[in-house]
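**Q** Numbering (the working numbering), first residue to last: 13 to 333.
One structure follows; several queries about it will come next.
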């Protein structure tokens, strides 16, 4: 995709050199044609594995009438700070797509390492399986087994692919001690303070009615940080203004193809209706879109590495905690 515009950029220069008769100089520029291929190779090589990092942001501060990207600090695990008062530690697991490209041992090992980051909560935002992975009964349960180490701290919602094999996903979550929030809420005490979790089931249609109704049926709890688990970040449009403190989503795979691994904040989903990855703000609500670790359809990440992170969230609610 990059090669066509790049060649168009070079074309005027080559025409000018041809008109000037500078054939030798024009021939010496052939190596410039390789730049798109070099960028693509670098993007693939730097996005093969997930990035392990600490992502830090606050639920207080910046407000905006329009959805736009907000600031989150990303640091290596080595720079992780000791536990701070009022900071909620969350491990988000999203879109592993257990199957041919995400075997049991890889997902299980990643979950083991994520648990070692000492989270207060593990929040799963959907697409645990793919259609291909659903043909191995018990595989997902074996992958999620490490979550038994954190009883009462693990919660999940369904993504669109989980509805292809719902009984298998429900059984696996139950065996791992994970609470499925199927258009439901849970109140959790954490070291950072009380948290209200609201989980929205995946709906391909009628989300404009589903999400406001769900939040109305699960009203804000005084003194609680209010977090909504919502698989598709595009559905954030249907969250009433300032009704939640934070929405956690996945679904986009971070854009899957882009230039993030090269330090350029661009993906193929930039400027589309999908917030692609990272932190966004609208009003007093925050939206965090996790890049996930798997993929579906196109079996490769190009320039968009997977994400294996701990979110360190400085809590702030309407009640001041």
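Idealized CB from N, CA, C, for every residue including glycine.
Strictly by DSSP, which residues pair up with residue 64?
**A** One-based indexing of the chain shown puts residue 64 at position 52. Paired residue(s): 320.
**Q** Residue 203 and residue 95: beta carbons closer than 9 Å?
**A** The residue you call residue 203 lines up with position 191 of the chain shown. The residue you call residue 95 lines up with position 83 of the chain shown. In contact: residue 203 and residue 95 (Cβ atoms closer than 9 Å).
**Q** Measuring CB atoms only, is the stretch 230-247 touching the stretch 199-213, in the sense that at least three cross pairs come out at less than 8 Å?
**A** A contact exists between the stretch 230-247 and the stretch 199-213.
**Q** Answer with buried or exposed for residue 276, where buried requires no fewer than 16 other C-beta atoms within 10 angstroms of its C-beta.
**A** Here the question's residue 276 lines up with position 264 in the chain shown. By the 10 Å Cβ count, residue 276 comes out exposed.
**Q** In this structure, does DSSP put residue 198 in helix, strand or coil?
**A** Numbered from its first residue, the chain shown carries residue 198 at position 186. DSSP places residue 198 in strand when its eight states are reduced to three.
**Q** Quick check on the DSSP output: what are the complete alpha helix (DSSP H) runs of length 4 or more inside the stretch 83-153, in order along the chain?
**A** 116-127
**Q** Ordered along the chain, which non-local residues of its own chain (more than five positions away) have a Cβ less than 8 Å from that of residue 141?
**A** In the chain shown, residue 141 corresponds to position 129, counting from 1. Result list for residue 141: 109, 110, 111, 152, 173, 174, 176, 177, 180, 181, in chain order.
**Q** Sort 213, 232, 67 by Cα distance to residue 247 and report the nearest one.
**A** Residue numbering aside, residue 247 sits at position 235 when the chain shown is read from its first letter. With distances taken between Cα atoms, residue 247 lies closest to 213.
**Q** Helix, strand or coil: which one does DSSP assign to residue 168?
**A** Position 156 of the chain shown, counted from the first residue, corresponds to residue 168. It is a strand residue.
**Q** Using 10 angstroms around the beta-carbon of residue 188, count the other beta-carbons present and answer buried if the total reaches 16, otherwise exposed.
**A** Counted from its first residue, the chain shown places residue 188 at position 176. If you draw a 10 Å sphere on the C-beta of residue 188, you find 16 or more other C-beta atoms in it, and that means buried.
**Q** What three-state label does DSSP hand residue 231 in the structure shown?
**A** Your numbering for residue 231 matches position 219 in the chain shown. Secondary structure of residue 231 (DSSP, three-state): coil.
**Q** So residue 113 packs on residue 306, CB below 8 Å; how close in whole Å?
**A** For the purposes of this step, residue 113 is taken as the residue at position 101 of the chain shown. For the purposes of this step, residue 306 is taken as the residue at position 294 of the chain shown. About 7 Å separates the two Cβ atoms, so the contact holds.
**Q** Using only alpha-carbon positions, find the residue among 318, 135, 227, 249 that is nearest to residue 265.
**A** Translated into positions along the chain shown, residue 265 becomes position 253. If we check each option's Cα against that of residue 265, 318 comes out closest.
**Q** Please say whether residue 304 and residue 107 have beta carbons closer to each other than 9 Å?
**A** Position 95 of the chain shown, counted from the start, is the residue given in the question as residue 107. Position 292 of the chain shown, counted from the start, is the residue given in the question as residue 304. Yes, they are a contact pair.
**Q** For residue 62 versus residue 291, is the C-beta distance shorter than 9 Å?
**A** Position 50 of the chain shown, counting from 1, holds the residue named residue 62. Position 279 of the chain shown, counting from 1, holds the residue named residue 291. Their beta carbons are not under 9 Å apart, which means residue 62 does not touch residue 291 by this criterion.
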